[in-house]
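Each number in the working numbering corresponds to the 1-based position in the sequence shown with 76 added. Glycine included, C-beta positions come from ideal geometry on N, C-alpha and C. Below: one structure, written as structure tokens.
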Amino acid sequence: MKNVLLYFGSFNPVHNGHIALAEYAVERGLCDETTLIVSPQNPLKPAWVQAPEMDRFEMAEAACAASRYPDRIKASAVEFLLDRPSYTIRTLEYLAAHHGADMRFSLLMGADPAATLGRWLENDRIVGRYTIYVYPR
């Protein structure tokens with residue numbers, strides 16, 4: 077079973093810190109693969125402050141390809157297929173339904189999003205079911 081670390085974010089824009097954290101997770105054996113899940117609309121952020129979703133996805137894809145582990149760090153637009161706004165629990169349910177037989181998921185986040193976890197939709201189902209790695213600033 078593949079261990080996939082999901083790194084959710086707006087990636088507005090993606091930057092070296094995002095990629096360094098994804099590389100760190102791979103290097104430390106926290107996962108087989110890190111996937112940057114580009115959120116089309118974070119429900120905790122106003123839409124007008126974000127670049128167009130496809131621009132952000134393409135930048136994330138290019139940054140992943142330029143990483144030290146392009147075969148193990150990838151961008152995903154899976155949330156572009158789901159109802160909006162994007163809720164992590166809904167994405168996790170979708171991924172479990174479509175890939176749960178061959179993948180085990182955990183989450184990676186910085187301290188800022190971790191501090192808002194109590195406001196996330198059905199956060200108790202996320203915290204109770206998934207390993208969450210939090211990187212402090």
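Check for me: the alpha helix (DSSP H) holding residue i runs from which residue to which?
i	result
Arg166	164-175
Ala190	187-191
Does DSSP put residue i in a helix, a strand or coil?
i	result
Glu214	One cannot answer for residue 214 here, as it falls past the ends of the chain, which runs 77 to 213.
Ala142	coil
Asn79	strand
Arg160	coil
Tyr100	helix
Arg180	strand
What residue does the beta strand (DSSP E) around residue i start on, and which one ends it?
i	result
Val224	What the structure shows of the chain is the stretch from 77 to 213, and residue 224 is not part of that stretch, so it cannot be assessed.
Tyr209	208-211
I'd like to check one pair, residue j with residue i: are the Cβ atoms closer than 8 Å?
i	j	result
Thr164	Phe84	yes
Arg166	Pro116	no
Leu171	Phe181	yes
Inset, instruction - Could you tell me which uninterrupted beta strand (DSSP E) segments, each at least 3 residues in length, are contained entirely in the stretch 102-134, listed from first to last along the chain? - result: 109-114
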